[in-house]
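In this note's numbering, the protein residues as written are 2 to 209. Written out below as C-alpha cells is the structure these notes cover.
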C-alpha cells in the first residue's frame, strides 16, 4: 500500500478530479488503479467462467488471467507540492463491450480518461476509443508494457486506432506506481488544458 501524501500547514486544499480508467478486457485497468492508489482499492473482480466465452473475446489473454471486473474499480491518489494540488479519484471500468451502458454511468462528472491498451489485443481497444471520442471526454492512451510483449512505436498505435493528433500516447508499466502516477499527471494536464486558458500549472510528482 502506498503512503498518502500528507498536507503541510498552510497548504491549499487539493482540487478533486474524477478520472476514468478504461480499456479492453485484460488490458491492466485493475492493476493500474491498484498500483497507484493511496488507499486500499475497491475491486469488483469475479472469476471468469466458460459461460462468458460466447460473448467475450479471450484470444491472446495471458494464461494467468482468470478474473475480470464486473462493476468498477476505485482508488484515490493525491499529488501535492505545486501550485495546484490534485486529489484524483480513479474509477476503472469493466472491459467487455457489453458493459458500455455502465461506462456511461461511471463517466458522469469525470474530467478525463486513461485508456489502457494491450498492443497484443489492439482490436479490443476500439470500443473504448470510440466511446470516449463520442462522449467528448478528454483522454490519453497508455500502452501497457506486458512482460514479453512486442512494444510498438506510439505513432504506429496512433495510426492504427485513428487517434487525433492531440491525443497523448504514452507507454507505462501498469504495475509501477511511479509510471502510473506520471500517466495520471499527463492526463490531468491534458484534460485541464481543455477547460482553462491558459492551462493551469500542475505540480511535479511528490513521492512524500
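We treat Cβ as the ideally placed atom computed from N, Cα and C, and that holds for glycine.
Measure the CB-CB distance between residue i and residue j and report whether it falls below 8 Å.
i	j	result
residue 97	residue 26	yes
residue 140	residue 115	yes
residue 128	residue 153	no
residue 88	residue 16	yes
residue 28	residue 145	yes
residue 188	residue 113	yes
residue 90	residue 20	yes
residue 155	residue 170	yes
residue 93	residue 168	no
residue 117	residue 161	no
residue 31	residue 74	yes
residue 131	residue 24	no
residue 143	residue 184	yes
residue 86	residue 166	no
List the endpoints of the continuous beta strand (DSSP E) containing residue i.
i	result
residue 20	16-24
residue 170	170-173
residue 85	Taken as a continuous stretch (DSSP letters only), residue 85 belongs to no beta strand (DSSP E), as it is neither H nor E.
residue 144	140-145
With residue i and residue j assumed to form a contact (beta carbons below 8 Å), what rounded beta-carbon distance in angstroms separates them?
i	j	result
residue 77	residue 38	6 Å
residue 138	residue 108	6 Å
Can you give me the start and stop residues for the alpha helix (DSSP H) that residue i sits inside?
i	result
residue 159	155-162
residue 190	178-193
residue 133	127-136
residue 101	101-108
Run through DSSP, which three-state label would residue i get?
i	result
residue 35	helix
residue 223	Since the first residue shown for the chain is 2 and the last is 209, residue 223 is missing from the structure and cannot be characterised.
residue 121	helix
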